[in-house]
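Please read the structure below before turning to the comments.
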Amino acid sequence: MVTAVTTFRISEAAALLGVSADTVRRWVDAGRLPAQRDDHGHRMVDGADLASFARSQIDTEDGSGLSSARNRFRGIVTEVIRDAVMAQVEIAAGPFRVVSLMSRQAADELGLEVGAVAIAVIKSTNVVVEIPDHART
1 MVTAVTTFRI SEAAALLGVS ADTVRRWVDA GRLPAQRDDH GHRMVDGADL
51 ASFARSQIDT EDGSGLSSAR NRFRGIVTEV IRDAVMAQVE IAAGPFRVVS
101 LMSRQAADEL GLEVGAVAIA VIKSTNVVVE IPDHART
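All residue numbers for the sequence shown refer to the numbering used here, where the first residue is 1 and numbers rise by one.
Okay, structure coming up:
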């Protein structure tokens, strides 16, 4: 069985990393992220190189102390809906939208309001992984 090597254009790498294409170009030019030119002269980033680079960019120090949870998304609170018992809190963390349901008391004690910085900590025993339609062969 032969496996195809996944490569990404600069704009695709930028979208996956949550930065601009110019930022990725600067990283390539500075030698921080390896890239090769394709037959048309476009810079391409190998999938394994991109994954390694992305892993090296993960900030594991968020000042929250020790925890077994590893999925942390720092972002800004964009919506808080409260009723008498529960609260729904939405956080924009880069290109990701994270919604949490919690007690109203917890939301009040944390001072969660629109515009506040918050970290969504996710610990799950069930994670669904999907492959985009264009990546299927």
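In this text, a Cβ means the ideal position worked out from N, Cα and C, and glycines have one as well. It should be emphasised that the depicted structure is a prediction, and the values quoted were computed from it without experimental measurement.
Measure the CB-CB distance between residue i and residue j and report whether it falls below 8 Å.
i	j	result
residue 6	residue 47	yes
residue 30	residue 45	no
residue 72	residue 121	yes
residue 89	residue 115	no
residue 118	residue 91	yes
residue 93	residue 70	no
residue 96	residue 50	no
residue 84	residue 103	no
residue 10	residue 26	no
Which two residues bound the contiguous beta strand (DSSP E) that contains residue i?
i	result
residue 101	96 to 103
residue 79	71 to 82
Go to residue i, then tell me how far its alpha helix (DSSP H) extends in each direction, as first and last residue.
i	result
residue 23	21 to 29
residue 10	10 to 17
residue 55	47 to 56
Who are residue i's beta bridge partners in DSSP?
i	result
residue 90	79 and 99
residue 119	74
| query | Between the region 48 to 58 and the region 8 to 21, are three or more C-beta pairs nearer than 8 Å? | reply | Judged by Cβ distances under 8 Å, the region 48 to 58 makes contact with the region 8 to 21, as three or more pairs qualify.
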